[in-house]
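Engineer: Protein chains in written order, with numbering that gives the first Met the number 0: chain A, 0 to 38; chain B, 0 to 365.
Glycine included, each C-beta is placed from N, C-alpha and C at the ideal position.
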Amino acid sequence: MIRVGNVSRPYRTIVLTLMVATSGIAVFDLFLFVSSAFH
Amino acid sequence: MRAPDRPRAELRATVAALSVTVVFFLWLVLHIGGLTTVRYFDDIVTALAALSACVACLLAARRQSGAERRFWVLLGIALGAWTFAEVVWGVYDLVLNVAVPVPSWADVGYLGAIPLACAALLCHPGMRAAGSYKTRATLDGLAIGASLLLLSWMFVLGPLWRGTDLSTFGGVVAIAYPFGDLVMVFLVILSVRSITATGRKPLLWVLLGLFAMAVSDSTYAYLVEVGRYATGNVIDTGWVLAYLAIAVGATSDGGLTVRISSREVAEASMVSFVTPYVPVLLALSSITVELELHHRVDRVSWLVGFGLALLVIARQALTLIDRRHELFSARPESARPPSQSPGPPRLQEDNVLEAAPFPPFMRRTQ
Chain A
0 MIRVGNVSRP YRTIVLTLMV ATSGIAVFDL FLFVSSAFH
Chain B
0 MRAPDRPRAE LRATVAALSV TVVFFLWLVL HIGGLTTVRY FDDIVTALAA
50 LSACVACLLA ARRQSGAERR FWVLLGIALG AWTFAEVVWG VYDLVLNVAV
100 PVPSWADVGY LGAIPLACAA LLCHPGMRAA GSYKTRATLD GLAIGASLLL
150 LSWMFVLGPL WRGTDLSTFG GVVAIAYPFG DLVMVFLVIL SVRSITATGR
200 KPLLWVLLGL FAMAVSDSTY AYLVEVGRYA TGNVIDTGWV LAYLAIAVGA
250 TSDGGLTVRI SSREVAEASM VSFVTPYVPV LLALSSITVE LELHHRVDRV
300 SWLVGFGLAL LVIARQALTL IDRRHELFSA RPESARPPSQ SPGPPRLQED
350 NVLEAAPFPP FMRRTQ
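#1: For G248(B), tell me which candidate among M212(B), S18(B) and C56(B) has the shortest Cα-Cα distance.
#2: Between the region 166–180 of chain B and the region 17–24 of chain B, can you find at least three pairs of beta-carbon atoms closer than 8 Å?
#3: Quick one: Cα of A52(B) to Cα of V99(B), how far?
#4: Counting only C-beta atoms, is E67(B) closer than 9 Å to chain A at any point?
#5: Between which two residues does the alpha helix (DSSP H) holding L34(B) run?
#6: Compare the C-beta of G385(B) with all C-beta atoms of chain A and state if any pair is closer than 9 Å.
#7: Spatial neighbours of P426(B) within its chain, please: CB distance less than 8 Å, with the 5 preceding and 5 following residues excluded, ordered by chain position.
#8: Could you check the C-alpha separation between N5(A) and F83(B) for me, to the nearest Å?
#9: Would you say W160(B) reaches chain A, if we count a Cβ-Cβ gap shorter than 9 Å as a contact?
#10: Can you give the Cα-Cα distance for T274(B) and V94(B), rounded to whole angstroms?
#11: For T287(B), go through chain A and note every residue whose CB falls closer than 8 Å to its CB, in chain order.
#12: Output needed for L15(A): all residues of its chain with C-beta closer than 7 Å, excluding positions within five of it in sequence on either side, in chain order.
#13: Would you kindly report the start and end of the unbroken alpha helix (DSSP H) that includes S386(B)?
#14: CA-CA distance, S251(B) and A213(B)?
#15: Out of L292(B), P201(B) and L309(B), point me to the one whose CA is closest to G120(B)'s CA.
#16: Using a Cβ-Cβ cutoff of 8 Å, what residues of the region 288–315 of chain B are near chain A? List them in chain order.
#17: Between the region 207–230 of chain B and chain A, which residues of the former have a C-beta closer than 8 Å to a C-beta of the latter?
#18: Can you pull the chain B neighbours of T12(A), defined as C-beta to C-beta under 7 Å?
#19: Can you give the Cα-Cα distance for T230(B) and F70(B), rounded to whole angstroms?
#20: Using alpha carbons as the reference points, say which of H294(B), L243(B) and E224(B) lies closest to R11(B).
#21: Would F37(A) and A308(B) be called neighbours here (beta carbons separated by less than 9 Å)?
#22: Apart from the five residues on each side of it in sequence, which residues of its chain come closer than 8 Å, Cβ to Cβ, to F30(A)?
#23: In three-state terms, what does DSSP make of A142(B)?
#24: Within the same chain, show all residues whose beta-carbon is closer than 6 Å to that of D235(B), passing over the 5 residues directly before and after it, in chain order.
#25: Quick check: what's the CA-CA separation for L317(B) versus W104(B)?
#26: Over what stretch of residues does the alpha helix (DSSP H) that includes S103(B) continue unbroken?
Encoded structure:
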């Protein structure tokens, strides 16, 4: 049987860290892409 | 019903698979017996590993029914095609003593197996998307696909594409491998994303196997391109690992059918949380390094990378909007239909209060 439950706390910390890291690098990449397009 | 001796069979299969893989790897690294012995050992063990996986899949199909049976049958046929390809490769290499031509009958098996394996994954019940949150799932799928395309284009597909004469049949075959691998890894990651903590161990083994297969294929394509591949190369371990992992997965499936209630939230596994982020982070980091080092980024990489960055930002923005909406609208009573008998109070409370701040894709509803 699949256990019914909520998302546990360590998962939340790891996934939120990944989300923040991904968003940050995506924003930085956008900046690099736009600046490279004008060079 | 799970067969009583299944865990023991699974343990035996796992130990055997690990032992064979380690011995195979060491044999290739240490060149035991010289080049000819290594060639024989490599070709024969790889073909036997593929055959054992094929048989294990077909036996698993006999124990299962419905969609699970279709999954194992299709995977068994795919493994049959891979076995055929490995045997043809061995005949060229050991009997005819010639370099395997491109294209050859081996390519029919290798390339034919990829759509069959993909069809098997699409058949698996774990691949059924949740009824809601389709926008999120679509954005996730697009982001994962774009990341894999970007990584493959930067390191394997792009160099092959530029260096291959696509007007010849051999050229088309050479380029078909990384494309097929790309689709396979994409489906593998989508499958991992829908795996819950319990009951999906066979699928996890299969996904590990298919992933090892795709990585080995792409590495092989790259090594062939730079002229550094010969039978006995260490990357051949990837194929043996792939076949044996699938065999272990098939052995561990004791015929248990996993069912999730449509109103229940199944606890997702850690790997299903983290896996979708891995290709996205890898792709974004790689393109960042390329841009920062002022390396030449071709038009395809630029467009795919730019699209990926936009997708990631759009997806995270959607997460924030959903979270805000859920925090203000979700209540334990409204989350539960009136006819449903209440579960343990703490669990119900946890489901709403703890899960609400998370992006909905983390909650496994089917």
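Structural biologist: In brief:
#1: Walking along the second sequence from the start, residue 248(B) turns up at place 249. For G248(B), the nearest C-alpha among the options comes from C56(B).
#2: no
#3: Here residue 52(B) corresponds to residue number 53 of the second sequence, with the count starting at 1. Here residue 99(B) corresponds to residue number 100 of the second sequence, with the count starting at 1. Those two C-alpha atoms are separated by around 24 Å.
#4: Walking along the second sequence from the start, residue 67(B) turns up at place 68. No, E67(B) does not count as interfacial toward chain A.
#5: The residue given as residue 34(B) occupies position 35 in the second sequence. Per DSSP, L34(B) belongs to the alpha helix (DSSP H) from G33 to R62.
#6: This structure leaves residue 385(B) out entirely; chain B is present only between 0 and 365.
#7: Any answer about residue 426(B) is impossible in this case: the structure gives chain B only from 0 up to 365.
#8: Residue mapping note: residue 5(A) aligns to position 6 of the first sequence, counting from 1. Residue mapping note: residue 83(B) aligns to position 84 of the second sequence, counting from 1. Residue placement at N5(A) is poorly supported in this model, since its pLDDT is 49, which falls under 50; the coordinates still yield a value, given next. About 46 Å.
#9: If you number the second sequence from 1, residue 160(B) lands on position 161. Output row for W160(B): interface = no.
#10: Walking along the second sequence from the start, residue 274(B) turns up at place 275. Walking along the second sequence from the start, residue 94(B) turns up at place 95. Going by the C-alpha atoms only, they are around 43 Å apart.
#11: For the purposes of this step, residue 287(B) is taken as the residue at position 288 of the second sequence. Residues of chain A passing the Cβ test: I24, F27, D28 and L31.
#12: In the first sequence, the residue the question calls residue 15(A) occupies position 16. Hits under 7 Å: none found.
#13: Examination of residue 386(B) is not possible in this model, given that chain B is present from 0 through 365 alone.
#14: As a first step, residue 251(B) must be located in the second sequence, where it is residue number 252. As a first step, residue 213(B) must be located in the second sequence, where it is residue number 214. Those two C-alpha atoms are separated by around 22 Å.
#15: What you label residue 120(B) is simply residue 121 of the second sequence in a count that begins at 1. The residue you asked about is not Gly; residue 120(B) is Leu in the sequence shown. The shortest C-alpha separation from L120(B) is found at P201(B).
#16: L290, E291, V296, W301, G304, F305, L307, A308, L309, V311, I312 and Q315
#17: none
#18: Taking the first residue of the first sequence as position 1, residue 12(A) is located at position 13. Result: empty, since nearest Cβ-Cβ is about 11 Å, beyond 7 Å.
#19: The residue you call residue 230(B) lines up with position 231 of the second sequence. The residue you call residue 70(B) lines up with position 71 of the second sequence. If I take the Cα positions, the gap works out to 32 Å.
#20: The sequence position of residue 11(B) within the second sequence is 12, counting from 1. Nearest C-alpha to R11(B): L243(B).
#21: Walking along the first sequence from the start, residue 37(A) turns up at place 38. Walking along the second sequence from the start, residue 308(B) turns up at place 309. Not closer than 9 Å, so no.
#22: Numbered from 1 along the first sequence, position 31 holds the residue referred to as residue 30(A). For F30(A), where only same-chain residues beyond five positions count, there are no Cβ hits under 8 Å.
#23: Within the second sequence, numbered from 1, the residue matching residue 142(B) stands at position 143. Of the three classes helix, strand and coil, the one that applies to A142(B) here is helix, per DSSP.
#24: Residue 235(B) sits at position 236 when you count from the first residue of the second sequence. Cβ neighbours of D235(B) beyond the five flanking positions: D41.
#25: As a working note, residue 317(B) is residue 318 in the second sequence. As a working note, residue 104(B) is residue 105 in the second sequence. Distance between the alpha carbons of L317(B) and W104(B): 48 Å.
#26: By one-based count along the second sequence, residue 103(B) stands at place 104. Neither: S103(B) is in no alpha helix (DSSP H) and is coded neither H nor E.
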